[in-house]
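If you want our numbering, it's the position in the sequence shown, counting the first as 1, plus 3.
Take a look at the structure below.
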Amino acid sequence: MNFNRALNILKKNDMTLVESANDNVVVTCRKRIQDHINRVKYFYNILVESGQIPLEDIDIKRVMKHDADKLKYNNLKRQALRYCGDRQLTQEEKQQINDVVMEHIKSNPHHCEYWGAGDYKSLGINCKEMYDTFLYEMCADWAATSEENGNSLMGWCDKVVNNKFMFTEHQVDLIYSVCTYLKDYIDPSLKRDYGLKSIKLSQLW
Ligand SMILES: [Zn+2]
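Printed below as a string of structure tokens:
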């Protein structure tokens, strides 16, 4: 376990490892996203410092703004609906969740869905036009998500590469080489439960 890194993340986010969602679920959602963004930066930085990314594909300025749109209040509110556990969502609420996810993945080129037709449930999305510079950011994103959820990064690659997302041979080699490198930096002790799953809709806002 990398204690320094764990402490640093906790300090930055003012959180304990198991955070119960407080009465303002939007605040908890914001913390969760900020934590995710910090992890993406951490993994991207590893790639930059270790020379895994060719210089022309490095874009620190862009990665510093990774997922910034998710932090807008209206987006946080719609995202928060996903965690309501006490009653069925209305059709309109379900639509709001769908909209906020689709708006994000269709306007951010670090997501495969930006490049090919389809939504977040689709299989066979054509990502062959995706530039390498975005693939490195995507791998850092996947590593961050694996760490948060305690899931296997390589397991995720095996599940989605050339199944959910269709890539060229060059892209497949890049993804596997980068993720194989990053997987050793994933710290399973930093898996996080934000307590969001037990949110009652009445607590929403
Ligand atoms: Zn994203």
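We treat Cβ as the ideally placed atom computed from N, Cα and C, and that holds for glycine.
Note that the structure is a prediction, hence the values are computed from the model and not measured.
Item                                                                                                       : Value
In DSSP terms, what M67 is bridged to                                                                      : According to DSSP, which records beta bridges pairwise, M67 is partnered with nothing at all.
C-beta atoms of K167 and S110 nearer than 9 Å                                                              : no
Proximity below 9 Å, CB of D135 to CB of H113                                                              : no
I128 beta carbon near ligand 1 (any heavy atom closer than 8 Å)                                            : no
Continuous beta strand (DSSP E) assignments of at least 3 residues falling wholly in the segment 80 to 139 : none
Near ligand 1: D144 beta-carbon under 8 Å from a heavy atom                                                : yes
Rounded C-alpha distance that separates I108 from L79                                                      : 15 Å
Selection from E106, F170, C160, D102 that minimises the alpha carbon distance to K131                     : F170
I100: CB within 8 Å of a non-hydrogen atom of ligand 1                                                     : no
beta-carbon H173 near ligand 1 non-hydrogen atom, thresh 8 Å                                               : no
Inter-stretch contact at 8 Å, needing at least 3 Cβ pairs: the segment 39 to 54 / the segment 145 to 154   : yes
CB of Q55 within 9 Å of CB of S149, strictly                                                               : no
Euclidean distance between Cα positions of N41 and D122                                                    : 26 Å
Inter-residue Cα distance where the pair is V103 and C32                                                   : 14 Å
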